[in-house]
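Below you'll find the structure, written out as structure tokens, and then a few comments.
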Amino acid sequence: MRRHFEICIFSYVATELKSGDICVLNSGAYADYREQLLSWNDCQPLVEAYCQQLGFPTQAENFVENLKNSLTQTASEIDLGYPNNTSVVISEQGEPVLKRPLANRESASLKNLEAVISERMPERNLIDILRDVDYWTNFTRHFGPMSGSDSKLERSTERYLLTTFTYGCNLGAAQAARQMRGVVTSRMITFVNQRHISLKGLNAALVDIINRYNMMPLTKLWGDGTTAAADGTKYDLYEQNLLSEYHIRYGGYGGIAYHHVADSYIALFSHRFTGIEFRCLPVTACCGHFIPCGTWEAVYIIEGLLKHKSEIQPSIIHADTQGQSTPVFA
Numbered sequence: 068m069r070r071h072f073e074i075c076i077f078s079y080v081a082t083e084l085k086s087g088d089i090c091v092l093n094s095g096a097y098a099d100y101r102e103q104l105l106s107w108n109d110c111q112p113l114v115e116a117y118c119q120q121l122g123f124p125t126q127a128e129n130f131v132e133n134l135k136n137s138l139t140q141t142a143s144e145i146d147l148g149y150p151n152n153t154s155v156v157i158s159e160q161g162e163p164v165l166k167r168p169l170a171n172r173e174s175a176s177l178k179n180l181e182a183v184i185s186e187r188m189p190e191r192n193l194i195d196i197l198r199d200v201d202y203w204t205n206f207t208r209h210f211g212p213m214s215g216s217d218s219k220l221e222r223s224t225e226r227y228l229l230t231t232f233t234y235g236c237n238l239g240a241a242q243a244a245r246q247m248r249g250v251v252t253s254r255m256i257t258f259v260n261q262r263h264i265s266l267k268g269l270n271a272a273l274v275d276i277i278n279r280y281n282m283m284p285l286t287k288l289w290g291d292g293t294t295a296a297a298d299g300t301k302y303d304l305y306e307q308n309l310l311s312e313y314h315i316r317y318g319g320y321g322g323i324a325y326h327h328v329a330d331s332y333i334a335l336f337s338h339r340f341t342g343i344e345f346r347c348l349p350v351t352a353c354c355g356h357f358i359p360c361g362t363w364e365a366v367y368i369i370e371g372l373l374k375h376k377s378e379i380q381p382s383i384i385h386a387d388t389q390g391q392s393t394p395v396f397a
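Numbering (the numbering used here), first residue to last: 68 to 397.
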């Protein structure tokens, strides 16, 4: 019973600390938030202009009276409209229960709009898109035997594109081979991934794709590539994985994929899985080493820019709290 009681206490303490209902004296993360607020002497000169902007009375008595009148009027309108209100029912316990609202029916004009968009923008096959990208950039030229010799594979470009599709979508060789209905076997996909695709080749291929994508006029409407954002995303991993760690905030075992994305919506660099679950990554992310959950992300915020070799070279980086570090800024 003692252990369960202690767990109950710590659970409630954690909840109250997050909400600010309790605090830890002289602490950094869980101090009394009221001491961090502006003093009343600093706020008082701003109250009148703030209330006028929102339409609130500036005097305390008038403000309370106005709030009471507003709540009373709203409650009266709800009481008068209850007989005709089909969204609220009274339960057996005498408590009001609000029903889940019904979904709005699609209008005829919306269906016509969807039909026109589908007609002008038909669905595209992802493998066909990869083939077009390779036609424009020839990124598969960076793949080949580790010795540097010419590829002896039959239809090598096709094999490289199918392997990129397989591991880029995180399907796995066996599942992809089943979906391709005998075009390739799982052994053929695995062979290309292990013998012909390297980290250096992936980075070189992605530089070609990023540079080509940056030439499109649409990207210029979003940004000029001078700024970028850096942030991490947690991915679940097996607990027994050597690089897997327990994430305190999100819970569960996993790792962090750390991305650098330019203001033109181009993914520049990612510290992600390499040699852990797959070696070939999507065309929107570059390869890097894996970041455990307990690592401070700011350590890698500059490294991503140093390893990035495309034409986009941002000079301003935006990040969240994990991107703050005095040594890195220095």
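Glycine is no exception: its CB is placed at the ideal position from the N, C-alpha and C atoms.
From a predicted model like this one, the values you see are computed outputs, not experimental measurements.
For residue i, the first and last residue of its enclosing beta strand (DSSP E)
i      : result
Pro163 : 163-165
Ile157 : 155-157
Outcome for residue i when other beta-carbon atoms lying within 10 angstroms are tallied against a minimum of 16
i      : result
Asn260 : buried
Thr293 : exposed
Gly371 : buried
Ile74  : exposed
Arg226 : buried
Ile333 : buried
Asp109 : exposed
Leu228 : buried
Val164 : exposed
Leu138 : exposed
Phe340 : Any reading at Phe340 needs caution, since the residue's pLDDT is 40, under 50, leaving its predicted position unreliable; the model's value is listed next. Classification for Phe340: buried.
Ser331 : buried
Val274 : buried
Residue(s) in a DSSP beta bridge with residue i
i      : result
Thr294 : Ile383
Ala334 : Val328
Gly361 : Its beta-bridge partners do not exist; DSSP assigns none.
Tyr202 : BP columns for Tyr202 are empty, so no partner.
Thr300 : Ala324
Helix, strand or coil at residue i [DSSP, three-state]
i      : result
Gly235 : helix
Tyr79  : helix
Glu344 : Unreliable placement is indicated for Glu344, whose pLDDT of 36 sits below 50; the coordinate value is still reported in the next sentence. Residue state, collapsed to three classes: coil.
Glu190 : coil
Glu378 : coil
Glu312 : strand
Asp88  : coil
Gly390 : helix
Asp146 : helix
Asn171 : coil
Val366 : helix
Tyr100 : helix
Alpha carbon of residue i to alpha carbon of residue j, nearest angstrom
i      : j      : result
Glu159 : Ala142 : 22 Å
Lys166 : Ser154 : 5 Å
His60  : Lys267 : No answer is possible for residue 60: it lies beyond the span of the chain, which begins at 68 and ends at 397.
Leu304 : His314 : 11 Å
Ile358 : Lys376 : 21 Å
Ala295 : His385 : 6 Å
Lys301 : Leu288 : 30 Å
Asp387 : Ala365 : 9 Å
Tyr79  : Ser86  : 11 Å
Ala81  : Glu102 : 20 Å
Phe210 : Arg245 : 24 Å
Leu335 : Arg279 : 13 Å
Ala127 : Leu177 : 49 Å
Glu378 : Phe206 : 16 Å
Leu92  : Thr257 : 57 Å
Ser185 : Arg198 : 22 Å
Asp201 : His263 : 17 Å
Glu115 : Leu134 : 17 Å
Asn129 : Tyr117 : 15 Å
Tyr367 : Thr393 : 14 Å
Ser382 : Trp363 : 22 Å
Endpoints, alpha helix (DSSP H) assigned at residue i
i      : result
Met255 : 253-262
Lys287 : 284-289
Ser371 : Sequence inspection shows Gly at residue 371; the Ser mentioned does not correspond to that position. Residues 370-374.
Asn152 : First-last for Asn152: undefined, no H or E at that position.
Lys267 : 266-281
Tyr117 : 107-121
Arg245 : 240-246
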